[in-house]
Amino acid sequence: SGCGKTTTLLMIAGVYKPTEGYIYFDDQVVNDLEPKDRNIGMVFQSYALYPHMTVYENIAFPLKLKKLPRDEIDRRVREVASMLRIESLLDRRPSQLSGGQQQRVALARAIVKRPGLFLMDEPLSNLDAKIRVEVRAELKRLQRELDITTIYVTHDQAEAMSLADRIAVMNEGRLQQVGTPDELYYHPANVFVASFIGAPAANLVDANIVETGGGVFMEALGTRFQLPSDLAQVLRGASKVIFMVRPEDVKLSPGKGFTVFSVEWLGRESFVHLQAPDGSLLRVTLPPDQHVSVGEEVSVSFNYKRVHFYRPNGELIV
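Here the sequence shown is numbered in UniProt numbering, starting from 1 and rising by one per residue.
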């Protein structure tokens with residue numbers, strides 16, 4: 001998406017040199033260390049398998065470059081092939097493999113080097129949805145078994161949330177937030193992270209904060225909501241804000257004001273669009289035991305313990 005993910009990966013690999021700053025492996029600065037000396041295993045979107053070689057020869061290739069003994073090469077190739085369940089494919093050529101099989105071979109070739117660091121650049125993006133889920137589970141298992149730090153580039157936030165221990169969100173070449181999946185989901189540092197993380201997407205609503213009759217209210221969606229005292233204390237005097245609430249934190253009850261615009265039943269939950277008094281749409285997810293119908297009128301409230309408010313420039317207030 002042009003935000004600098006792959007460029008960052010290639011700087012870590014040593015293909016590009018950073019124009020400023022330092023790259024550390026543990027406590028060692030590696031800016032001037034050649035790529036071949038960085039002990040990195042890379043897996044690309046395109047697999048980059050040699051078409052004229054068998055699977056066995058592709059996996060063995062980096063070990064042959066190191067001039068390891070033949071029996072050591074054979075032992076390590078068969079060991080990693082067993083780990084990735086591709087023993088039966090060792091005599092085939094890449095053209096005889098499915099996309100998922102080719103990706104496993106590319107992984108095997110990276111693993112067989114026993115690197116200190118894995119770099120993966122959108123390795124699953126060429127696979128269809130079903131295979132992608134299977135290989136994703138395989139990657140998670142492998143990473144835990146091998147216990148090797150892995151930097152994984154993806155534009156798919158669901159993939160990042162399911163695989164990562166920590167996520168770095170980038171936009172226009174800058175880090176927006178670094179944290180665990182939970183931290184990014186429940187405490188997004190700015191409007192960009194709030195809008196990017198989560199499916200279905202968070203509701204981001206322009207709002208005004210007003211004081212009247214001794215209370216502090218949020219005017220949004222064509223209606224007025226009284227804020228709880230803790231939020232009122234922080235937001236008093238804030239004027240214009242962006243209100244963020246996730247679909248699961250919108251609560252419906254019998255009443256008037258919002259109209260059910262559409263309902264999608266997804267099995268374990270329903271995804272609902274509500275039309276607000278000002279005509280805008282509000283995204284809501286409902287548990288399986290709660291049902292609404294298109295055209296029905298409802299009242300709306302929010303789980304204020306999990307909402308956030310941002311300044312118009314996207315900075316977090318609370």
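Just so it is clear, CB atoms sit at the ideal spot from N, CA and C, and this is done for glycine as well.
Everything numeric in this text was worked out from a predicted model, so none of it was measured.
Ranked by Cα distance from V30, the first of A13, S125 and L84 is A13.
Note on geometry: alpha-carbon atoms of I59 and V193 lie some 39 Å from one another. Note on T8: 16 or more other CB atoms within 10 angstroms of its CB, so buried under the neighbour-count rule.
The residues P288, in chain order, have a CB closer than 7 Å to that of R268 in the same chain once the five nearest residues on each side in sequence are set aside.
According to the DSSP assignment, P62 belongs to the alpha helix (DSSP H) that extends over V55 to L65. Contact between S195 and L204 holds: CB atoms are separated by about 6 Å, below the 8 Å threshold. In the DSSP annotation of this structure, the continuous segment of the beta strand (DSSP E) that includes A168 starts and ends at I167 to N171. DSSP, read as helix, strand or coil, puts T7 in helix.
Sorting G222, F258 and N190 by C-alpha distance to the C-alpha of F309 places N190 at the top. A buried status is given to V307, since no fewer than 16 other beta-carbon atoms sit within 10 Å of its beta-carbon. Under the DSSP assignment, P254 falls in the beta strand (DSSP E) whose first and last residues are V250 to W265. By the criterion of a C-beta distance shorter than 6 Å, M244 is surrounded in its chain by A194, A202, L204 and H308, once the five residues flanking it on both sides are discounted.
One thing to note: P94 has its Cβ no nearer than 8 Å to the Cβ of V43.
Minimum Cα-Cα distance from E34 among the listed residues S82, M11, S46 and L49 corresponds to M11.
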